[in-house]
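Numbering of the sequence shown is given in this note's numbering, commencing with residue 1 and proceeding in unit increments. Positions of the beta carbon are idealized from the N, C-alpha and C atoms, including for glycine.
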Amino acid sequence: MNPMNILIIGSEGQLGSELYDALVLKYPSAKVVCSDIRNAFPEKERNFEILDATDAPALDRIIEKYQISQIYHLAAILSARGEQNPLWAWDINMRGLLVVLEAAVKHKIHRMYWPSSIAAFGPNTPRVQTPQQVVMDPNTVYGMSKQVGELWCRYYFEKYGLDVRSLRYPGIISYKTLPGGGTTDYAIDIFHKALKGEKFTCFLGPETPLPMMYIDDAIRATLELMEAPTEQIKERTSYNLAALSFTPEQLGEAIKKAIPGFEMDYAPDFRQKIADSWPGSIDDSEARKDWGWNHQFGMDELVHVMLDGLKSGYLS
Ligand code: SER
Numbered sequence: 001m002n003p004m005n006i007l008i009i010g011s012e013g014q015l016g017s018e019l020y021d022a023l024v025l026k027y028p029s030a031k032v033v034c035s036d037i038r039n040a041f042p043e044k045e046r047n048f049e050i051l052d053a054t055d056a057p058a059l060d061r062i063i064e065k066y067q068i069s070q071i072y073h074l075a076a077i078l079s080a081r082g083e084q085n086p087l088w089a090w091d092i093n094m095r096g097l098l099v100v101l102e103a104a105v106k107h108k109i110h111r112m113y114w115p116s117s118i119a120a121f122g123p124n125t126p127r128v129q130t131p132q133q134v135v136m137d138p139n140t141v142y143g144m145s146k147q148v149g150e151l152w153c154r155y156y157f158e159k160y161g162l163d164v165r166s167l168r169y170p171g172i173i174s175y176k177t178l179p180g181g182g183t184t185d186y187a188i189d190i191f192h193k194a195l196k197g198e199k200f201t202c203f204l205g206p207e208t209p210l211p212m213m214y215i216d217d218a219i220r221a222t223l224e225l226m227e228a229p230t231e232q233i234k235e236r237t238s239y240n241l242a243a244l245s246f247t248p249e250q251l252g253e254a255i256k257k258a259i260p261g262f263e264m265d266y267a268p269d270f271r272q273k274i275a276d277s278w279p280g281s282i283d284d285s286e287a288r289k290d291w292g293w294n295h296q297f298g299m300d301e302l303v304h305v306m307l308d309g310l311k312s313g314y315l316s
């Protein structure tokens with residue numbers, strides 16, 4: 001797969017910014033091009049292009065300019081923000097995906113990545129150890145766009161042979177960027193408040209289990225999926241992916257072990273209903289079997305790496 005010219009769409013978000021660093025480290029001879037609607041890191045020396053993912057001619061120009069052979073399409077409006085403006089979120093998430101899929105076929109892109117989410121499941125999905133193949137009836141716009149997006153990915157694979165691969169991410173926890181409109185973001189905000197010595201008011205109730213993952217595991221899973229030989233990719237919608245599951249109360253207790261004075265209370269809002277419609281835990285045995293997925297960060301590692309990372313200068 002050399003030379004590899006890789007385009008990240010949505011490079012300035014939580015995943016994109018860390019994926020960029022990981023790709024540069026892993027493929028030193030590759031050209032990695034970032035694109036987003038704004039440049040969040042103007043001080044970084046890198047290839048960056050302003051791009052609205054729904055702008056097909058602009059995407060064509062970038063792919064041609066850099067002779068792109070791989071695309072990671074990460075730009076999306078997350079669950080909670082999407083509920084504030086449903087048609088706008090649908091347009092960005094759905095039309096954005098279709099524009100990128102079309103461009104990928106047209107320019108004979110070698111391999112493409114697009115993330116799905118636990119949000120693709122819904123209130124009638126079994127919530128405990130949710131299997132790969134199961135009822136999916138999402139009731140958020142974000143979740144609907146992920147569920148239908150998965151089907152479009154499979155369609156482009158079957159109809160055009162486009163090698164597009166996908167993971168159903170759990171809530172991703174990281175410290176380098178601030179939360180961006182998701183329902184799982186309480187599990188990031190809580191660390192910021194704890195380190196500032198402030199009380200944390202959680203927008204979910206204490207007993208709301210959700211699947212979560214530290215970002216290093218999420219990035220590694222993404223790169224491993226993208227590197228796996230084609231014959232190992234048996235699931236062409238999107239793979240279930242899991243690391244750990246916890247409730248806000250359990251996370252609060254784990255933080256309290258490191259910061260004994262930490263206090264939290266609960267004021268559930270509209271996001272409670274979203275969380276209640278999602279799985280509490282995920283069965284990802286197919287990812288483990290097909291391409292060898294294995295998570296590394298459990299609860300203790302997660303808490304330590306978040307607190308250490310934020311202390312070392314990322315605390316805003
Ligand atoms: N983290 C996302 C959200 O909360 C789920 O994929 O919207």
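Compute the Euclidean distance between the alpha carbons of residue i and residue j, then round it to the nearest angstrom.
| i | j | result |
| --- | --- | --- |
| Ala287 | Glu83 | 30 Å |
| Thr247 | Glu207 | 5 Å |
| Thr181 | Asn294 | Here residue 181 turns out to be Gly, not Thr, going by the sequence shown. Whole-angstrom Cα-Cα distance: 28 Å. |
| Ala275 | Arg220 | 26 Å |
| Asn2 | Ile118 | With a pLDDT of 48 at Asn2, under the threshold of 50, the predicted position of this residue should be treated as unreliable, and no value is reported. |
| Gln67 | Lys26 | 20 Å |
| Asn5 | Leu223 | 15 Å |
| Leu204 | Gly16 | 26 Å |
| Glu150 | Ser166 | 8 Å |
Use the C-beta contact count for residue i: other C-beta atoms within 10 angstroms, 16 or more gives buried, fewer gives exposed.
| i | result |
| --- | --- |
| Glu235 | buried |
| Trp291 | buried |
| Trp278 | buried |
| Ala267 | exposed |
| Asn93 | buried |
| Phe200 | buried |
| Ser312 | exposed |
| Trp88 | exposed |
| Ser29 | exposed |
| Pro138 | buried |
| Thr237 | buried |
In the DSSP assignment, find the unbroken beta strand (DSSP E) run with residue i in it and report its ends.
| i | result |
| --- | --- |
| Pro211 | 210 to 214 |
Using a Cβ-Cβ cut-off of 6 Å (strictly less than) and excluding sequence neighbours within five positions of residue i, which residues of its own chain qualify?
| i | result |
| --- | --- |
| Ala58 | Leu51 |
| Lys196 | none |
| Lys146 | Ser116, Ser117, Ala119, Ala120 |
| Phe48 | Cys34, Asn39 |
For residue i, which residues from the same chain have a beta carbon less than 7 Å from its beta carbon, with the 5 sequence-adjacent residues on both sides left out?
| i | result |
| --- | --- |
| Tyr20 | Ile8, Ser11, Val32, Cys34 |
| Ile215 | Glu18, Ile172, Ile173, Ser174 |
| Leu98 | Trp152 |
| Ser245 | Pro209, Leu210, Pro211, Met212, Gly280, Ser281 |
| Gln14 | Ile172, Ser174, Thr177, Gly180 |
| Arg168 | Ser116, Ser117, Ile118, Ala120, Ser238, Tyr239, Asn240, Leu241 |
Under DSSP, the alpha helix (DSSP H) around residue i begins and ends at which residues?
| i | result |
| --- | --- |
| Met144 | 141 to 160 |
| Leu15 | 14 to 26 |
| Met306 | 299 to 309 |
Cutting at 8 Å between CB atoms, please list the residues of its own chain near residue i, excluding the five before and the five after it.
| i | result |
| --- | --- |
| Asp217 | Ala243, His295, Gln296, Phe297 |
| Ala56 | Val99, Glu102, Ala103 |
| Pro123 | Asp137, Asn139, Asp276, Ser277 |
| Ile190 | Phe200, Cys202, Pro248, Leu251, Gly252, Ile255, Met264 |
Per DSSP, residue i is paired with what?
| i | result |
| --- | --- |
| Gln49 | The amino acid occupying residue 49 in the given sequence is Glu; Gln does not appear at that position. DSSP output for Glu49 lists Ser35 as bridge partner(s). |
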